[in-house]
Structure formats: structure tokens, C-alpha cells
Amino acid sequence: MPSTESDAASYATTSETDFYELLQLPSSNTPLTPSLLRKSYRKASLKWHPDKNPSPEAAEIFHLLSIAYDVLSDPATRAAYDNARNARLARKRRNEAFDVNRKRMQEELESRERGAKKARTDGEDAEEQFRQQLEKLKAEGAELRRKREEAIRAAAAEEREKEDEAMADSRFSEIDRTLRVRWKRKGNEHVDEQHLRSIFSKYGAIQDCVVPPTKPDKEKKLKSALIVFTSIVAAHTAIHNTLDPGLKDLVWASGKEPDISHNHPTPKPSTSSPNPDYESITLMRMRAAEKAKIEARIRKEEEEEEAAAAEEGEEGDV
Numbered sequence: 001m002p003s004t005e006s007d008a009a010s011y012a013t014t015s016e017t018d019f020y021e022l023l024q025l026p027s028s029n030t031p032l033t034p035s036l037l038r039k040s041y042r043k044a045s046l047k048w049h050p051d052k053n054p055s056p057e058a059a060e061i062f063h064l065l066s067i068a069y070d071v072l073s074d075p076a077t078r079a080a081y082d083n084a085r086n087a088r089l090a091r092k093r094r095n096e097a098f099d100v101n102r103k104r105m106q107e108e109l110e111s112r113e114r115g116a117k118k119a120r121t122d123g124e125d126a127e128e129q130f131r132q133q134l135e136k137l138k139a140e141g142a143e144l145r146r147k148r149e150e151a152i153r154a155a156a157a158e159e160r161e162k163e164d165e166a167m168a169d170s171r172f173s174e175i176d177r178t179l180r181v182r183w184k185r186k187g188n189e190h191v192d193e194q195h196l197r198s199i200f201s202k203y204g205a206i207q208d209c210v211v212p213p214t215k216p217d218k219e220k221k222l223k224s225a226l227i228v229f230t231s232i233v234a235a236h237t238a239i240h241n242t243l244d245p246g247l248k249d250l251v252w253a254s255g256k257e258p259d260i261s262h263n264h265p266t267p268k269p270s271t272s273s274p275n276p277d278y279e280s281i282t283l284m285r286m287r288a289a290e291k292a293k294i295e296a297r298i299r300k301e302e303e304e305e306e307a308a309a310a311e312e313g314e315e316g317d318v
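If you read the sequence shown in UniProt numbering, its first letter stands for residue 1, the second for the next number, and so on.
Rendered as C-alpha cells:
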């Protein structure tokens with residue numbers, strides 16, 4: 001049965017146990033009838049009776065059930081217990097609220113600390129990124145300056161080379177830059193101006209390629225042509241390279257190799273010309289006359305060679 005009244009009074013103000021919860025009763029705000037209290041007590045006693053639960057925990061709970069019944073069955077003791085219980089619950093709620101506020105404040109503090117740390121980190125990262133970008137821009141600028149300076153030097157060197165080449169070419173006339181090539185007529189019917197240009201253009205730019213027409217009443221053994229280069233260097237390179245198959249010989253059209261070892265004065269261009277068209281026409285006529293003169297000399301040499309070959313053939317017949 002329940003404990004003594006002194007035990008009940010003592011537990012009413014000091015016990016931390018929730019007797020309503022232990023007996024599975026409504027809260028202290030709900031009216032508690034004696035019949036409901038007895039019913040709940042019997043049900044809990046049967047569950048935790050030492051005969052059914054010999055464990056020490058069961059004996060302790062069974063003892064608390066008796067105290068709970070004594071406390072709640074006496075109105076005065078119950079009132080004292082309710083006051084103590086309500087104060088305890090209020091204190092618990094205050095502590096919980098304080099814990100919630102403290103936790104919230106702690107979370108806010110930690111959040112601010114994380115934000116400040118992130119701001120410092122972001123600032124350091126931004127500064128590092130700016131430094132890296134600045135170094136990259138400096139390197140790119142230096143590379144661009146280097147390439148620009150190299151391009152300027154290369155352009156200047158190319159311009160000087162062109163000027164030197166133009167100056168060198170200006171010292172030589174068109175006849176100096178002209179080569180005479182000969183090939184056997186038989187078996188080389190495919191050799192024409194286009195074929196000759198394809199052969200000799202690998203040595204330099206060709207100004208003109210002249211293949212004199214063959215007279216229909218003469219069947220020559222050899223054919224010849226004139227290759228006029230724009231540069232004396234190209235002409236010199238061509239004549240000192242191996243002759244292509246099918247071609248008999250390649251010589252200077254003037255009969256001798258131009259002297260390129262001495263510097264000849266370069267004629268200064270006229271600063272004023274009363275009639276530029278007249279000068280251009282005169283220059284074209286001079287070139288045409290020079291070309292016609294060379295062609296005539298080539299035909300004469302070929303005729304002389306053929307006549308000599310014919311005389312040798314007649315002597316052989318005798």
C-alpha cells in the first residue's frame with residue numbers, strides 16, 4: 001500500500017518525479033477523481049509489481065507508485081506537489097528558452113565569424129587574383145612588345161634586302177639578266193614558253209620568255225629561247241644549277257657573264273620629267289629593239305651552225 005503521510009509530504013515538495021506522468025494521469029489542470037486515481041494506481045502497480053518484475057528498477061518504480069498515490073490522494077499534499085511541480089516546469093521552460101536563445105545567439109555569433117572569415121578570405125583571394133592577372137597582363141604585354149619589335153626588325157631587314165636587290169639589279173641591263181637556252185627539236189616537241197617558265201621560275205621571277213618562231217621552210221635540229229629574269233641574282237642562280245633533262249645548253253644571252261664583283265654607280269632618277277609618257281614609250285622601244293637584236297643574232301648563229309653542219313656532211317659524202 002501507499003507510503004506514510006510524512007513520506008508523501010516530503011516527496012510533494014522535493015521529488016523531481018512527475019507523478020501524473022508516472023500514473024499516466026491527466027495534467028494537474030484537469031480534475032482528478034478518486035476512482036480515476038485508484039484505477040490508474042492499480043494498473044501501474046500490476047505492471048511494476050516485484051513479483052512480476054524482480055529487477056531493482058521495477059522495485060524502485062513500484063515504490064514511487066505508492067508515494068505518487070499518497071501525494072495525489074490527499075488534497076493538501078497534492079496542492080503542495082502541484083505548486084512545486086508547476087514551479088519546476090516553469091523553471092525548466094525558462095531554462096529551455098534560455099538555451100534556445102543562447103543557442104541562437106551562439107549560431108548568430110558563429111555565422112558572423114564565418115562571414116567575417118569569408119570576407120577576409122574573399123578579399124585575399126581577390127587580391128591574389130588581381131596580382132596574378134596583373135602579372136599575366138605584364139607578361140602578355142612584354143610578349144606583344146617583343147613580337148612587335150621582331151616584326152619591325154624583320155620588316156626593316158626585308159626592306160633593306162629589297163633595296164639592296166633593287167640597287168644591285170639597277171646596275172644591270174635587261175641583256176645582263178637574259179639567258180639563252182637551247183634544246184633538241186626532235187623528241188622535245190612539248191617544250192614551249194609555258195614549259196620553260198615552269199622550269200626556270202624556281203630560280204626567281206621571270207620578266208619575259210621569248211621563243212622565236214621557226215621558219216616553215218627550214219627544219220632546224222635545235223630550237224632556242226630567251227629567258228629574261230627580273231633579278232641578276234636569279235639569272236646567276238639558274239645558269240649555275242644543273243640543267244634539266246631535254247635541254248642542251250644554257251648560256252648568257254650577251255655572250256659573257258656580267259661582272260657582279262664591282263659596284264657601278266646607280267643612275268639617279270630624274271626628279272622632274274616634262275613628259276613621263278614619252279620616256280616610258282622610249283624605254284619600251286629601246287627594250288624591244290634590244291630584244292629584236294638578240295633574236296636576230298640568235299637566228300644568225302643558228303643558221304651558221306646549220307651551214308657548218310651541212311658542209312661537214314657533204315665532205316663526209318665525198
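Virtual Cβ for every residue (Gly too), placed ideally from N, Cα, C.
Predicted model only: the values in this text are computed from it and were never measured.
Selected residue, minimal CA-CA separation from residue i, among the options
| i | options | result |
| --- | --- | --- |
| N241 | E189, P212, S201 and K223 | S201 |
| R299 | A225, E21, K117 and L36 | A225 |
| F172 | P258, I61 and K47 | P258 |
| R42 | P31, A68, S55 and E60 | A68 |
| E161 | L89, P54, A292 and S231 | S231 |
| Y20 | R131, L89, H49 and E140 | L89 |
| Y87 | L25, E16, H49 and E305 | The sequence given here places Ala at residue 87; Tyr does not occur at that position. Considering only alpha carbons, the answer is E16. |
Assigned exposure category for residue i - 16 Cβ within 10 Å defines buried
| i | result |
| --- | --- |
| T178 | buried |
| S27 | exposed |
| L196 | buried |
| T77 | buried |
| F229 | buried |
| L109 | exposed |
| D125 | exposed |
| D70 | buried |
| E304 | exposed |
| L46 | exposed |
Pair within 8 angstroms by beta-carbon distance, residue i and residue j
| i | j | result |
| --- | --- | --- |
| R180 | V251 | yes |
| A44 | L65 | yes |
| I175 | I294 | yes |
| T237 | G204 | yes |
| D18 | R85 | yes |
| S40 | L23 | yes |
| D244 | I206 | no |
| G246 | V191 | yes |
| R297 | D249 | no |
| A80 | T13 | yes |
Whole-angstrom distance between residue j and residue i, CA atom to CA atom
| i | j | result |
| --- | --- | --- |
| Q194 | A157 | 34 angstroms |
| K221 | S254 | 23 angstroms |
| E302 | E149 | 57 angstroms |
| I227 | D208 | 6 angstroms |
| I152 | R146 | 10 angstroms |
| D51 | A58 | 10 angstroms |
| D99 | Q133 | 49 angstroms |
| R112 | A119 | 10 angstroms |
| Q106 | N95 | 16 angstroms |
| A307 | K223 | 15 angstroms |
| H63 | S55 | 13 angstroms |
| A235 | K184 | 22 angstroms |
| Y278 | A292 | Any answer about Y278 is weak, because its pLDDT of 46 lies below 50 and its placement is not dependable; what the coordinates show is given next. Each residue's alpha carbon lies about 21 angstroms from the other. |
| T30 | R102 | 34 angstroms |
| E140 | K117 | 34 angstroms |
| E143 | E135 | 12 angstroms |
| A289 | K256 | 20 angstroms |
| R114 | R131 | 25 angstroms |
Those residues which DSSP pairs with residue i across a bridge
| i | result |
| --- | --- |
| A225 | V181 |
| D208 | V228 |
| D51 | Looking at the DSSP assignment, D51 forms no beta bridge with any residue, so it has no partner. |
| D259 | Bridge partners of D259: none, in fact. |
| residue 337 | Examination of residue 337 is not possible in this model, given that the chain is present from 1 through 318 alone. |
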